[in-house]
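The numbering of the sequence shown is the numbering used here, which starts it at 15 and goes up by one.
Yeah, the Cβ is synthetic: ideal placement off N, Cα and C, and Gly gets one too.
Please read all numbers here as calculations on a predicted model, not as lab measurements.
Let me begin by presenting the structure, written as structure tokens, before commenting on it.
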Amino acid sequence: MVAGSHEDRPSAARPLVIVGAGGFAREVLALVKDIGRAGGDVWRVAAFLERDVARLAGSLDGVPVLGLPAGGERPWAVAGIGEGADRRTEVARRVDQVAGWATLIHPTVTFDPDTVRIGEGSIVCAGTSLTTDLTLGRHVVLNLHCTVGHDCLLGDFVSAMPGCHLSGGVTLGEAVFLGTGAVVLPGVQIGAAATVGAGAVVTHDVAAGATVVGVPARAVRP
């Protein structure tokens, strides 16, 4: 789906559930409210969905926390879980409970809708800048004030925490996690399920499953 299109997305207010009930889920609720205030797609957040029974009582920021969607019609959903592997698990678990996965893009995000592709269920937070000819997979999270350069490819369930910067031609495999303020230099490839520590500067390719930290980034777990 080309970012900014309304293909496979509702054009009027519909119930939306946020999978998860932690801190990032609350940030997603705030993002939905910002979209509504800007006059974009209007979603009515009906509930947080949580499997931790300790969180099921009561509400969170005025929104009920439930184990299953309420009512007969399946709602649209978005996964408000910051870590990619956990997000993938919950998406698979909830797929039969929801009508589809909303793609949420904050009104302040800058991008070229003709050349930037954003997969279903992805969340792009305030202040992020996407340039040209790049692709985000399904259920990608780009947190506050990230930048993504030309010709980047981000696999499904990638997570970039606030202030991450990807130079041109970077490839991130499925469920890669970038800590706050991480920088990836041009053309670097990072394998699936790798972790980049906060503030690291990645100058060379990173193997799948590895953890790298520091400036320049070095592996601490092969």
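Closest residue to V184 among G195, T194 and D147 (Cα-Cα distance): D147
CB contact flag (W90, A116, <8 Å): yes
Selection from G114, V226, V202 and A39 that minimises the alpha carbon distance to P78: A39
Candidates L80, A196 and A27, of which the one nearest V226 by Cα: A196
Beta-ladder partner(s) of L63, from DSSP: V33 and L80
Backbone secondary structure at A44 - three-state DSSP: helix
Rounded C-alpha distance that separates E41 from C178: Taking the straight line from one Cα to the other gives about 18 Å.
Contact test: E64 Cβ vs the ligand NAP heavy atom, cutoff 7 Å: Of the ligands one can find in the structure shown there are none, so the ligand NAP has no counterpart to examine.
Beta-carbon separation (whole angstroms), A174 vs L156, contact threshold 8 Å: 5 Å
Beta-bridge partners of F191, as assigned by DSSP: Answer is S173 and T209, bridged to F191.
Buried/exposed call for L150, threshold 16 Cβ in 10 Å: buried
Rounded C-alpha distance that separates T145 from T129: 9 Å
Cα-Cα separation, R28 to T217: 44 Å
Where E104 falls, given that 16 or more other Cβ within 10 Å makes a residue buried: buried
Cα-Cα separation between Q111 and G98, rounded to whole angstroms: 20 Å
Nearest candidate by alpha-carbon position, reference G182, set L199, F191, A189 and L74: L199
Coil, strand or helix - R131 by DSSP: strand
For I49, the residue or residues it bridges with in DSSP: I49 is not bridged to any residue.
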